[in-house]
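Taken in order, these protein sequences are the chains called V and X.
Numbering of the first sequence is given in UniProt numbering, commencing with residue 1 and proceeding in unit increments.
Numbering of the second sequence is given in UniProt numbering, commencing with residue 1 and proceeding in unit increments.
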Amino acid sequence: MDLAQNISLGLGVAAGFDNLLFCFLGVLLGTLIGVLPGIGAVATMAMLLPLTFHLAPTTSLIMLAGIYYGAQYGGSTTAILVNLPGEANSVATTLDGYAMARRGRAGAALAIAAIASFFAGTVSTVLIAQFGPAMAALALKFGPVEYFSLMVLGLVCSMVLATGALHKAAVMILFGIFLGLAGTDANSPMPRLTFGIDAMADGMSFVAIAVGLFGLTEIILNLERDLTRVAAIPLRDLFPTRAELSESAMPIVRGTFLGSILGVLPGGGALLASFGAYALEKKLSRTPDRFGKGAIAGVAAPEAANNAGAQTSFIPLLTLGVPSNAIMAVMAGAMTIQGIIPGPQVMTEHAPLFWGMIASMWIGNLMLLVLNLPLVGLWVKLLQVPYRLMFPAILFFSAIGVYSIANQAFDVYLAVGAGVLGYVMAKLGFEPTPLVLGFILGPMMEENFKRAMLLAGGDPATFIDRPISAGLLLVSAALLAVMVLPSVKRTRAVALREE
Amino acid sequence: MPFSSLIRTASRRALLGSALALAAAVALPSPGAFAQASDWPQKPIRIVVTFPPGGTSDIVARLIGQNLTERLGQQVLVDNRPGAGGTVAAELVRKEAPDGYTLILANNAPFTIAPTQFKKIPYDPVKDFTHIAYIGASAPGLMVQPSLGVKDLNGFVALAKADPKLTYGSSGVGSISHILGEAVKKKAGIQMVHVPYKGSAPAIQDFKAGVLKSYYDLLAQNVPMIKSGEAVAIGVAAPERISQAPDVPTFREQGLDIVLENWLGVSGPAGMPPELVAKIHDAVAAAVATPAVKDKLSTWGIETKPMTSAQYAAFVADQIAVWRPLIIDAGATEK
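Structure follows, in structure tokens:
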């Protein structure tokens, strides 16, 4: 069979000594940089680009890819331990991961995150090998019209995420969109809502907002609470119980598939995957009110989804030659440096490179599992550090991370502002998650809306003429209707009261 | 001590993850900064790039930086400072000491487009900089869907005259591809709908999906698509046909006098001593002339050309004048 041949070709390449070594270096480095917020995979990969002048093309791409998915692994660690999402994809993990950590189940959350990521990595590797080109065709079915409708669905779904009142979630989404619209207008060179601040010419930094709203807000709230020191956790409690494992199994599978599909879409794909998987589990759960309070499915699903998405986001680059995000742009640069122009011809003209890279992704995921499971104990021990020592360290590294993204002091002030805003929001019962989704999806929605209208000659019927878009809008409308129907609202209120 | 191990891990990551600490150290004008040019370089040199990692500018800076590192015996670091049409990077370099330790990979964005595009920029692209060495240029071209059935500029213009709703994609308002698209519209007397994207990758994706009828992008990067028949190249805005795509005619030979190139050079803050300028110029020129480097640049579509520092400085000033009316006509100016 072709697939078997290709995979064995790939494994043969990936198992070479150099490739194994650099794969390991990549995932190790990725894990380390993923652990803290801010400067992440893009900066690290860019710094290592000159090194690739001296490496074989396959080896350098294997290493760079390792940094990327290694960082995805590491990113969940701080999200779970201290409520700090290092990047957009780990925001969904904070919701239940951090809640579990506060209940003393940090070890279980970290272990489930690692297992979910490994499973997702394995499955999506096979998917890329088997269906890569077919999935690329899916990416091509998504033009601006479809993206707009997908974003609409994403925003409607984000209301499902809210644990509190629906109208408050709606307000937060709108506020998020408003914040996201700051920056230079997409269709003219005019700055908008920047107050003449140069640092805002390209919009507000997402990491600054997320670190502020989640990490810094949590610190303020924690300092207010009377924190008792976390007792030492016996080793056997570090790992998930049988019940927790079986509770996570299906969410991992569903998250993997959702992530694999959405990851192929450029831009917000991976982000929508992690939130989408979370929302899906909450909808399917018999006990949706447990979400946000430490439901293990709320960790398993988004972790599987974001790792699967990270993996399948290679598909557009490898099969179409189109890098779908900043990280893939660096990968494209690395390929260009090696004289390989990304595109469909890579698979045929550079078969050992293509399959070697795909096989190395699986090997890298295995390495990450072996690397991360033993670290769980170490990370959990960190929680025993007295909070008065812990929070200055979190603040310090958050500030460094936020600053280093664009080397702008303004971003640090922005994070502080977002932290204070988050505190006020928490006191008033507003949740930060819908805001974050509005912040990211809003501007993308606007951009795609304008583009779709230009391409359609100004005819809004284009959104219902195209079947995928029509379907997405229909689902959004149905979801919205279900949510606002008074009867449903009542049940919701009852459910919330029974907490 | 688990806590100290966090610190260790974390600080290692901070070091590994970013050029920040190192770059900041390099940026500080040390007491010896005004030392004689004959000593240069005594410490690592930073090249500021106006675009994010992975793009052509970035890999050119890294390729030349790598060669300069071997040549000069000092580390040459690339510092990506994208944002606000390249003005963030230019303003940063303007404020640095003219000691040859902070340079910028100069290009159209901050030096020839921004001065006209924006109402106010904090620097003068000619007076506030020392333009040291020209590297080369790559030319943008027009790619159209094979389904349009046109093969050359005449056919394309006839088609656009019949269908004023024909769309073309660019990599953003004020980008080279946008200015070129508007210049072609004006000179050929046609109407087209401009669809701006964020960079050329999403435009190419929409083109491959068939929703976008045509787009402008650097020609060399699109050669595989042209070869595979996914796109038809109508023309290139270079003075002569480019070596990567010798079959694609220039706009000029098809009767449309438009030459617009994406040039790259090395510049520094104003007031650099002449000996230092000569030293850097010679090092960059030698790096660019190295066969391995020249070949790589050529595969990336960059046609190199030797120029003296004075020629290069005059070139930058001339480019501003060439682009100004085109940018104004394109409506790409901040009101």
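Built from N, CA and C at the ideal position, the CB exists for glycine as well.
Asked	Found
Whole-angstrom Cβ separation of V/M159 and V/P434, contact assumed at under 8 Å?	7 Å
Should V/A4 go down as buried or exposed, given a rule of 16 or more other Cβ atoms within 10 Å for buried?	exposed
If X/T130 and X/M272 are in contact, beta carbons under 8 Å, what's the gap, nearest whole angstrom?	4 Å
Unbroken beta strand (DSSP E) runs of length 3 or more, entirely within the region 235-283 of chain V: which are they?	none
Going along chain X in order, which residues have a C-beta closer than 7 Å to the C-beta of V/A451?	A small fix is needed here, since residue 451 of chain V is Arg in this sequence, not Ala. Neighbours of V/R451 on chain X, chain order: V195.
Based on the DSSP secondary-structure assignment, which residues constitute the bridge partners of X/S170?	X/P196
Between the Cα of V/R286 and the Cα atoms of V/A297, V/G276 and V/A277, which residue gives the shortest distance?	V/A297
Would V/M190 be called buried (16 or more neighbouring beta carbons within 10 Å of its own) or exposed?	exposed
Using CA atoms only, rank isn't needed, just tell me which of X/L159, X/S138, X/K227 and X/D206 is closest to X/T56.	X/S138
By a C-beta neighbour count over all protein chains shown, 10 Å radius and 16 as the cutoff for buried, is V/V482 buried or exposed?	exposed
Using the C-alpha atoms, what's the distance from V/G75 back to V/I115?	15 Å
Consult DSSP for X/I104 and reduce its assignment to one of helix, strand or coil.	strand
Give the interface partners of residue 343 of chain X over in chain V, defined as CB-CB distance under 7 Å, in chain order.	Within the shown structure, residues of chain X are numbered from 1 to 335, placing residue 343 of chain X beyond reach of any answer.
Where does V/L21 land, buried or exposed, given buried means 16+ other C-beta within 10 angstroms?	exposed
Determine, for X/E70, whether the minimum Cβ-Cβ distance to residues of chain V falls below 8 Å.	no
Leaving aside the five residues before and after V/A46 along the sequence, list all residues of the same chain whose C-beta is less than 7 Å from its C-beta, in chain order.	V330
With C-beta atoms as the reference, is V/L414 less than 8 Å away from V/M204?	yes
Taking C-alpha atoms, which residue in V/L271, V/A478, V/H350 and V/L455 lies nearest to X/K165?	V/L455
Using a Cβ-Cβ cut-off of less than 7 Å, list which residues of the region 176-206 of chain V approach chain X; keep chain order.	A186, N187, S188, P189, M190, D198, A201 and D202
Quick one: what does DSSP say X/E334 is sitting in, helix, strand or coil?	coil
Give every residue of the same chain whose Cβ lies closer than 6 Å to the Cβ of V/S8, excluding the five residues on either side of it in the sequence, and list them in chain order.	none
Does any CB atom of chain V fall closer than 8 Å to the CB of X/T333?	yes
Any idea what DSSP makes of X/I176, helix, strand or coil?	helix
Nearest-angstrom Cα distance between V/L11 and V/A120?	19 Å
Going by DSSP in three states, V/D96 sits in which element: helix, strand or coil?	helix
On the criterion of 16 or more Cβ atoms from any shown chain inside 10 Å, does X/H178 qualify as buried, or is it exposed?	buried
To the nearest angstrom, how far is the alpha carbon of V/M445 from that of V/Y147?	7 Å
Do V/I315 and V/V346 have their beta-carbon atoms positioned less than 8 Å apart in this structure?	no
For X/A233, list the residues DSSP reports as bridge partners.	X/M143
On the three-state DSSP scale, how would you describe X/R324?	helix
Quick check on this structure: which residue in V/I363, V/L395 and V/A305 has the alpha carbon closest to the alpha carbon of V/N19?	V/I363
If you draw a straight line from the C-alpha of X/I328 to the C-alpha of X/Q319, how long is it?	14 Å
Taking Cβ-Cβ distances shorter than 7 Å, what residues in chain V pair up with X/D58?	G333
Along chain X, in chain order, which residues have C-beta atoms closer than 7 Å to that of V/T336?	I59 and W300
Between the region 224-235 of chain X and the region 146-156 of chain X, do three or more beta carbon pairs fall short of 8 Å?	yes
Does any C-beta atom of chain X lie closer than 8 Å to the C-beta of V/Q311?	no
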